[in-house]
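Asker: Quick note, the numbering used here runs 20 ahead of the 1-based positions in the sequence shown. Got a structure here, written out as structure tokens. Questions coming.
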Amino acid sequence: MIMRVDLPEETLAGVLAKAFGNRSFLIGFAITLLVAAIALLSFAWTPYDVTKLVIADKTQAPSWTHWFGTDHFGRDILSMIMVGARNSIAVALVAVGIGMGIGVPLGAFAA
């Protein structure tokens with residue numbers, strides 16, 4: 021027995037209009053774009069070398085020279101956040117790749 025379900029066709033424009041009309045989606049989308057922009061910027065520029073230890077600058081409060089301050093080794097926190105965003109996106113892409121590599125064949129096999 022074959023069951024037929026009639027669903028209205030949704031266009032890409034309709035889906036995007038619905039998504040961008042949702043406040044939660046817009047907030048998440050803005051945060052994702054910000055993290056992606058920071059990660060892309062970190063390939064070209066970071067304020068300070070992430071691996072450089074400057075003991076004289078340890079545990080400084082945020083200032084004009086270190087916008088987010090420094091840690092207990094004197095490393096710039098803004099630079100570490102920028103490089104960390106890059107690493108987070110890389111891990112996310114690997115996880116999506118693994119999920120698709122497993123899920124797509126399983127879905128195709130199940131169909």
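No residue lacks a Cβ here, since even glycine has one placed at the ideal position from N, Cα and C.
I'd like to check one pair, alanine 105 with valine 55: are the Cβ atoms closer than 8 angstroms?
Answerer: yes
Asker: Return the CA-CA distance between leucine 61 and isoleucine 101, expressed in angstroms with no decimal places.
Answerer: 12 angstroms
Asker: What are the uninterrupted segments assigned as alpha helix (DSSP H) that are 4 or more residues long and contained completely in the stretch 29 to 55, given in chain order?
Answerer: 32 to 40
Asker: Between which two residues does the alpha helix (DSSP H) carrying isoleucine 75 extend?
Answerer: Neither: isoleucine 75 is in no alpha helix (DSSP H) and is coded neither H nor E.
Asker: Pick from Ile75, Phe93 and Ile97: whose alpha carbon is nearest that of threonine 85?
Answerer: Among Ile75, Phe93 and Ile97, the Cα nearest to that of threonine 85 belongs to Ile97.
Asker: Could you tell me the alpha carbon to alpha carbon distance between isoleucine 75 and glycine 94, rounded to whole angstroms?
Answerer: 5 angstroms
Asker: Return the CA-CA distance between proline 82 and phenylalanine 129, expressed in angstroms with no decimal places.
Answerer: 55 angstroms
Asker: So, are the CB atoms of alanine 66 and valine 103 less than 8 angstroms apart?
Answerer: Sequence inspection shows threonine at residue 66; the alanine mentioned does not correspond to that position. At the C-beta level, threonine 66 and valine 103 come within 8 angstroms of one another.
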